[in-house]
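Under our numbering, the first residue of the sequence shown carries the number 230, and numbering increases by one thereafter.
Worksheet for the structure shown next.
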Amino acid sequence: MRKLRVAVYKFSSCDGCQLQFLNLEDELLQLSDFIEFALFYEARRYVASGPYDVAFVEGSISTPHEAEVIKKVREESRVVVAIGACATSGGIQALRNWADVEEYKQYVYPKPEWIDVLKHAEPPSKYIKVDYEIRGCPVSKEQLLSFILQLLRGKTPTLFTDSVCVECKRRGNICVLVAKGVPCLGPVTMGGCGALCPSYGRGCYGCYGPMIDPKPEALNARFKELNIKPKEIQLLFKQFTNWSKEFRRVIDEYE
Numbered sequence: 230m231r232k233l234r235v236a237v238y239k240f241s242s243c244d245g246c247q248l249q250f251l252n253l254e255d256e257l258l259q260l261s262d263f264i265e266f267a268l269f270y271e272a273r274r275y276v277a278s279g280p281y282d283v284a285f286v287e288g289s290i291s292t293p294h295e296a297e298v299i300k301k302v303r304e305e306s307r308v309v310v311a312i313g314a315c316a317t318s319g320g321i322q323a324l325r326n327w328a329d330v331e332e333y334k335q336y337v338y339p340k341p342e343w344i345d346v347l348k349h350a351e352p353p354s355k356y357i358k359v360d361y362e363i364r365g366c367p368v369s370k371e372q373l374l375s376f377i378l379q380l381l382r383g384k385t386p387t388l389f390t391d392s393v394c395v396e397c398k399r400r401g402n403i404c405v406l407v408a409k410g411v412p413c414l415g416p417v418t419m420g421g422c423g424a425l426c427p428s429y430g431r432g433c434y435g436c437y438g439p440m441i442d443p444k445p446e447a448l449n450a451r452f453k454e455l456n457i458k459p460k461e462i463q464l465l466f467k468q469f470t471n472w473s474k475e476f477r478r479v480i481d482e483y484e
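Laid out in C-alpha cells, this is it:
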C-alpha cells in the first residue's frame, strides 16, 4: 500500500499543535509504516515536494507572505486540515484585530517600518477552502490520531460535534455554571477536550471554539442574570477563539 504523503505547515502560532504529532510518540513509530511526513520542519530537515495527500495547517494568517503561501498549500494538497484554535478561528493573536495595527507596532517594535503585517490575523479558511477543522489549544493528539487512522482506512473522517456540556454529562460532572455560578463557555463550545476544565471545577475557556449553532446570545443573557459585568462577559468570549463569527456577536455587543 502506498504511504499517505503528509505535510505539516506552520503559520502564525506557538508550535503547540505541531508538537502534538510528536507527542504521539509510540503511535507515531507505528504510523511511520503507513504515512510519510514529506514536509514537517518541526520534525525533520528533509522536504519532499508536493503534491501531498493531506496538509495539516497550524496557525493564523497574519502577513501578506503567509496569505500567498497558504494558497500554494491548497494547490499542492488533496485535503487541507486546519488544526488548533489559531488555524480554525484566528487564535490568541487575533486579539490584535480590535487594535490599531500601526499604533501597536510603534510600541512593540524598535523598527516598526520593517514590519509588514495584515490588518487582521485570520484563519486560513478566510483565504482558501479548508476541508476539515480539528479544534483545540492545543489540538488533541487523540483526535489527530483518530483522524489519520480514518484516512488510512479510506473513511470519510468524522469529528466531534457536541458541546462541552455533553462531555460533562458523560463524566458525571456537576455543572459549575448551574451549581456554583461559575462563568462557563461549555454550553456554546465544541467538545473534544473531555471537559477538562469543568472537571476541575473551573469554567470552560472556549478553546475549542463555537459548537454548531451555539446561540451565544442565550448564554450571554444567563451571564447577565448572574450579574457578571459587561466587560467581564466580553472578556470571557474574547479569548482563544475570539475571532469566530459566533463569539464575535457577543463581543461586538460590548465594544
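Note that the Cβ used here is the ideal one computed from N, Cα and C, for glycine as well.
Item, Value
"Same chain, Cβ closer than 8 Å to L251, neighbours up to 5 away in sequence not counted", "L257, E271, A272"
"F389 and G435 closer than 9 Å at C-beta", "no"
"Contacts around E396, its chain only, beta-carbon distance under 7 Å, and the 5 residues preceding and following it disregarded", "G420, G423, A424"
"Those runs of the beta strand (DSSP E) which lie wholly inside the segment 313-358 and span at least 3 residues", "none"
"Start-to-end residues for the alpha helix (DSSP H) that takes in I457", "It is not in any alpha helix (DSSP H) - I457 carries neither H nor E in the DSSP assignment."
"Contained alpha helix (DSSP H) runs [length at least 4] in the segment 249-289, N- to C-terminal order", "255-260"
"Distance, Q463 Cα to R303 Cα", "35 Å"
"Start and end residues, beta strand (DSSP E) containing L233", "233-239"
"Inter-residue spacing [alpha-carbon to alpha-carbon] between T317 and L268", "21 Å"
"C-beta contact flag for P353 and V359 at 9 Å", "yes"
"For Y437, three-class secondary structure by DSSP", "coil"
"Opposing strand residues paired with G365 [DSSP bridges]", "V368"
"Which listed residue (N471, N402, L373) has its alpha carbon closest to that of V235", "L373"
"Unbroken alpha helix (DSSP H) run spanning P293, endpoints", "293-305"
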